[in-house]
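So the sequence shown is numbered by the numbering used here: it starts at 112 and just counts up by one. Quick reminder that beta carbons are idealized off the backbone N, C-alpha and C, glycines included.
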Amino acid sequence: MPELPEVQTVLSTLEHMIAHKTIESVEILSPDVVQCDSDEFSRRLHQRSFVSFKRRGKYLLFEMEDVTLVSHLRMEGKYFVEKQSDPIRKHTHVIFHLNDGTDLRYHDVRRFGRMELIEKSEDYRDFHGLGPEPFSDEFNALYAWNKSRTMKRSLKMTLLDQSFVAGIGNIYADEICFRSKLRPETLVSKISKKRWQLIVENSRTVLSEAIAHGGSTIRSYTSSLGVTGLFQLQIDVYGREGEPCHVCGSTIKKVRHGQRGTHFCPVCQRRL
Ligand SMILES: [Zn+2]
Numbered sequence: 112m113p114e115l116p117e118v119q120t121v122l123s124t125l126e127h128m129i130a131h132k133t134i135e136s137v138e139i140l141s142p143d144v145v146q147c148d149s150d151e152f153s154r155r156l157h158q159r160s161f162v163s164f165k166r167r168g169k170y171l172l173f174e175m176e177d178v179t180l181v182s183h184l185r186m187e188g189k190y191f192v193e194k195q196s197d198p199i200r201k202h203t204h205v206i207f208h209l210n211d212g213t214d215l216r217y218h219d220v221r222r223f224g225r226m227e228l229i230e231k232s233e234d235y236r237d238f239h240g241l242g243p244e245p246f247s248d249e250f251n252a253l254y255a256w257n258k259s260r261t262m263k264r265s266l267k268m269t270l271l272d273q274s275f276v277a278g279i280g281n282i283y284a285d286e287i288c289f290r291s292k293l294r295p296e297t298l299v300s301k302i303s304k305k306r307w308q309l310i311v312e313n314s315r316t317v318l319s320e321a322i323a324h325g326g327s328t329i330r331s332y333t334s335s336l337g338v339t340g341l342f343q344l345q346i347d348v349y350g351r352e353g354e355p356c357h358v359c360g361s362t363i364k365k366v367r368h369g370q371r372g373t374h375f376c377p378v379c380q381r382r383l
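Dropping the structure here:
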């Protein structure tokens, strides 16, 4: 599932490709992807332009003149920018015909992704009950400590909770725990304010490194490539079970935790 860095990369790539282009019409091939009436969706986007590109958690926000198109990619959603004469791929669900002869096409093999229209808002602070953005001032050691000290929950599950902090998923939660030298199952009620300071800083570092890596790949995009933003190459633990730890050489382990595959170094990371 795309997490904050991938969503940010998709957003930056699309901004580069479709900023200020106008939607001439919308073709909805799978009405269940769109969370409102299809005719209403098409009507409200008719002759609107992609004015600005924002992200909140894992949501893409395309701001038009008077409305915002919200898109969540869920497991496998991706966008293609293609010529209108190009053949339409299987699993294409929504097509935005643009005024320069190209299409923005939404493709999703599992069809879990969703789109909706909302009123244009300045800060999206209360958007869908999401917690603070990891890079915002609101996400700090005092906030995290206050919110978590009475929780009976693990560090990993807390990082995955979108109402605690927005945008972190399974991959980066494991990476943040590794960087913070804590086992994913560590109870958050045992984490001190000082240690939260490190976790907050590590969250920002891990996410911004991933964004920088994704960002560097944008240049290689062409309009015929799918925009998925999956560039998790700078990874220490996720998906590396059985391989040596980059820091100590011990074997990376994988367990199930909260029904999620969870990766850690048994030597570098400890419980409190
Ligand atoms: Zn290690």
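Collapsed DSSP secondary structure at residue i in the structure displayed
i    : result
V192 : strand
S331 : The pLDDT assigned to S331 is 42, lower than 50, so where the model puts this residue is not dependable; a value taken from the coordinates is nonetheless given after this. DSSP places S331 in helix when its eight states are reduced to three.
L253 : helix
G353 : coil
K365 : strand
L209 : strand
G242 : coil
Contact test: residue i Cβ vs ligand 1 heavy atom, cutoff 7 Å
i    : result
S319 : no
C288 : no
S361 : yes
C147 : no
V378 : yes
V358 : yes
Bridge partner(s) assigned by DSSP for residue i
i    : result
T120 : Answer by DSSP bridge pairing: none, since T120 is not bridged.
E230 : DSSP lists no partner for E230.
H204 : In the DSSP output, where bridge partners are listed per residue, H204 has none listed.
G372 : R367
R381 : L293
H218 : K189 and T203
R225 : H183
Contact between the region 219-232 and the region 141-149: three or more CB pairs below 8 Å?
At 8 Å Cβ cutoff, the stretches touch.
Length at least 4, wholly inside the region 257-325: the alpha helix (DSSP H) runs in chain order
266-271 and 281-290, all fully within the region 257-325.
Counting only runs of 4+ residues fully inside the region 123-184, write out the alpha helix (DSSP H) ranges in chain order.
Qualifying alpha helix (DSSP H) stretches, in chain order: 149-156.
Three-pair Cβ contact test at 8 Å for the region 272-279 versus the region 235-246:
Yes: at least three Cβ pairs fall under 8 Å.
Cβ pair count under 8 Å reaching 3, the region 230-237 against the region 193-201
Under the Cβ criterion (8 Å, minimum of three pairs), the region 230-237 does not count as touching the region 193-201.
With a cut-off of 8 Å, do at least 3 Cβ pairs link the region 151-163 to the region 171-181?
Contact between the region 151-163 and the region 171-181 is present, because at least three Cβ pairs lie under 8 Å.
Specify whether the region 255-264 and the region 184-193 touch according to this definition: at least 3 beta carbon pairs, one from each stretch, less than 8 Å apart.
Result no; under three Cβ-Cβ pairs closer than 8 Å.
Could you check whether the region 120-140 touches the region 205-212, counting it as contact only if at least three pairs of C-beta atoms, one from each stretch, sit closer than 8 Å?
Yes, the region 120-140 touches the region 205-212.
Pairs of beta-carbons, one from the region 116-123 and one from the region 317-327, closer than 8 Å: are there three or more?
The region 116-123 and the region 317-327 touch, with no fewer than 3 CB-CB distances between them shorter than 8 Å.
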